[in-house]
Amino acid sequence: MKIADPRSTGPHNWVIVGGKSDLRRKIVEAVRSSGGETAWVVSGTEKHARHFADSNRILGATAKLPEALSDPKVSAVYIASHDSDHIKTALVAAKSGKHVLCERLLARTREVLEMIRTCERHGVTFGVNHFLRASRLHRRMQEMIAQGVIGDVRSILIVHVNALPDNFRLDTAHGRAISDLAVQDIDLARFLLKQEPLTVVGVGSACAGSASLLQDQAMYSIVMSGGAFLQVHESFASPFVQSQVFVLGSLGYLHARGTLNQHPSGSLTCVTTGEVKTIPSEILDPDAEMIQSFLGAIGSNSRPLATGWDGLAAIMAAEAVAAAIASGRAVNVASGRDVCLAVPPENGRAVDR
């Protein structure tokens, strides 16, 4: 019989680490909607932490993560810090016995694997906020695909385009259409189809034409394990474009508009036998939905909507996209099993996934 995790009972107290004020505020609201509370906010300076805490009715504020983690009332940590800090924060939190929910992962494959294994070793739940999975419209799409409403899926087309100021595209922390958007879009395709990416081809460019500008536009195609094609257009250089997700099947298609963002929005239509139907669905905050799923997985046999392994799979596919664009050739996507065999855990035994 499974012994109940004492950290799984009652409302959860959270630590929020890093992140911009608007993101942290969304997470604070999502935590409260779940019945929990944010006990601490950790920022780069005590002054910034205290200002945010006072503005959002949070008692604890610090620039020192260990101080927040030492609070026995804290059971979970939300990591919203810079990508490069994800692994350090996750490892410290897991070793402190805290469950970890992290912003979508943009770390290196080996780092993500270390995060996963450390959380498993310390018996804490590790989830990734791939918030596109949490959209009620995307979950309805997945249900309709599984039910065969549009027949056998032939392909998915994703258009994920927006515009950022030039200084953001020049900033290596922001101007990465491939890493920032590909991990989201590929994860969504995996979620919708329950298929894995196998082979990718792609092209990319720097729209502003500067030699120092990182690629801010990419188009790529992926062959999925069930035979479906995934075609994606991602860009940080085109304003006023509503996101599109088409799932094309043998009997019809699904079309989601305006759903590729972290806000409750969008619409879904289904076309079969020439008839266009609007699919009703409750529009709820994806962060709140993700946190509810994460809390449901703590101390139970269920899984968060997106696990660390899902985060790893998206990163490996995004790395293959980058390699395909750089080489001009088709690139095979590594599997989680390949990575586990290549990087054995501390006890010397590879994890079979």
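Residue numbers for the sequence shown follow the UniProt record's numbering, beginning at 1 and rising by one.
We put the beta carbon where it would ideally sit given N, CA and C, even for glycine.
Supposed contact pair valine 271 and glycine 252 - C-beta distance, whole angstroms, cut 8 Å: For glycine 252 against valine 271, the beta-carbon gap comes to about 5 Å, under 8 Å, which counts as contact.
Inter-residue spacing [alpha-carbon to alpha-carbon] between valine 161 and proline 66: Computed Cα separation, rounded: 39 Å.
At least 3 beta-carbon pairs within less than 8 Å: the region 56-64 vs the region 78-95: Contact between the region 56-64 and the region 78-95 is absent, because fewer than three Cβ pairs lie under 8 Å.
Cβ pair leucine 268, aspartate 187 closer than 8 Å: Result no, Cβ atoms of leucine 268 and aspartate 187 do not sit closer than 8 Å.
Cβ neighbour criterion (16 or more within 10 Å) applied to alanine 173: Because the pLDDT at alanine 173 is just 48, under 50, the model does not fix this residue reliably, and the value given afterwards should be weighed accordingly. Looking at its Cβ environment, which holds fewer than 16 other Cβ atoms inside 10 Å, alanine 173 is exposed.
Separation of arginine 117 from arginine 110, as counted between CA atoms: Our two residues, arginine 110 and arginine 117, have alpha carbons roughly 11 Å apart in a direct line.
Given 8 Å, three or more beta-carbon pairs between the region 138-158 and the region 241-252: Enough Cβ pairs lie closer than 8 Å, so yes.
Limits of the unbroken alpha helix (DSSP H) element including phenylalanine 240: Per DSSP, phenylalanine 240 belongs to no alpha helix (DSSP H) and is neither H nor E.
Validate contact between the region 132-142 and the region 271-286 using beta carbons, cut 8 Å, 3 pairs: Touching, per the Cβ criterion.
Test item: CB-CB of cysteine 207 and glutamine 195 under 8 Å: No. Outside cutoff.
Selection from His233, Gln242, Ile145, Leu198 that minimises the alpha carbon distance to serine 225: Nearest C-alpha to serine 225 among His233, Gln242, Ile145, Leu198: Leu198.
Spatially closest choice to asparagine 13 from Asp22, Val331, Gly36, by CA coordinates: Selected option, being the one with the closest Cα: Gly36.
Nearest-angstrom beta carbon gap, isoleucine 325 and glycine 204 [assumed within contact, 8 Å]: So it is a contact: roughly 4 Å between Cβ atoms.
Pair within 8 Å by beta-carbon distance, leucine 113 and alanine 93: Going by C-beta atoms, leucine 113 is not nearer than 8 Å to alanine 93.
Span separating the alpha-carbon of glycine 175 from that of glutamine 215: Confidence at glycine 175 is low in this model, with a pLDDT of 44, below 50, so the placement of that residue should be treated as unreliable; the coordinate-derived value is given next. Each residue's Cα considered, the two are about 7 Å apart.
Rounded separation between arginine 329 and phenylalanine 229 - CA only: Between the alpha carbons of arginine 329 and phenylalanine 229 lies a gap of roughly 17 Å.
Same chain, Cβ closer than 6 Å to serine 293, neighbours up to 5 away in sequence not counted: Closer than 6 Å at Cβ, skipping near neighbours: Pro304, Leu305.
Entirely enclosed beta strand (DSSP E) segments - the region 62-144, minimum 3 residues: DSSP runs (the beta strand (DSSP E)) wholly in the region 62-144: 74-79, 99-103, 126-129.
For isoleucine 291, the first and last residue of its enclosing alpha helix (DSSP H): In the DSSP assignment, isoleucine 291 falls within the unbroken alpha helix (DSSP H) covering 286-297.
Assigned exposure category for alanine 76 - 16 Cβ within 10 Å defines buried: By the neighbour-count rule (16 or more Cβ atoms within 10 Å), alanine 76 is buried.
For isoleucine 16, the residue or residues it bridges with in DSSP: In the DSSP output, where bridge partners are listed per residue, isoleucine 16 has Val41, Tyr78.
Within 8 Å, strictly: CB atoms of alanine 163 and proline 239: Contact: yes.
Status (buried if at least 16 other CB within 10 Å, exposed otherwise) for threonine 89: Counting the other Cβ atoms within 10 Å of the Cβ of threonine 89 gives 16 or more, which makes it buried.
Exposure of aspartate 22, with buried meaning 16 or more beta-carbon neighbours within 10 Å: Exposed is the call here.
Limits of the alpha helix (DSSP H) - the one that histidine 233 falls within: Taken as a continuous stretch (DSSP letters only), histidine 233 belongs to no alpha helix (DSSP H), being part of the beta strand (DSSP E) at 229-235.
Helix, strand or coil at glutamate 196 according to DSSP, with G and I counted as helix: Three-state result, glutamate 196: coil.
Which of helix, strand or coil DSSP assigns to leucine 268: In the structure shown, the three-state DSSP call for leucine 268 is strand.
Start and end residues, alpha helix (DSSP H) containing glycine 308: From DSSP, the alpha helix (DSSP H) with glycine 308 extends over 308-327.
Pair within 8 Å by beta-carbon distance, arginine 108 and histidine 130: Their beta carbons are not under 8 Å apart, which means arginine 108 does not touch histidine 130 by this criterion.
Euclidean distance between Cα positions of arginine 32 and valine 241: Between arginine 32 and valine 241, the alpha-carbon positions lie close to 33 Å from each other.
Rounded straight-line distance, which links the Cα of isoleucine 145 to that of lysine 277: For lysine 277 and isoleucine 145, the distance between alpha carbons rounds to 15 Å.
is_contact[isoleucine 16, chain B] using C-beta, thresh 8 Å: Looking at the structure shown, chain B is missing, and only one protein chain is on hand.
Cβ neighbour criterion (16 or more within 10 Å) applied to valine 333: When all chains shown are included, valine 333 counts as buried.
The beta strand (DSSP E) enclosing histidine 160, as first and last residue numbers: 153-161 is the extent of the beta strand (DSSP E) around histidine 160.
Integer-rounded CB distance, given that serine 243 should sit under 8 Å from residue 368: The requested residue 368 does not occur in the structure, where the chain is confined to residues 1 to 353.
Burial state of glutamine 147, where buried means 16 or more other Cβ atoms lie within 10 Å: With fewer than 16 other Cβ atoms within 10 Å, it is exposed.
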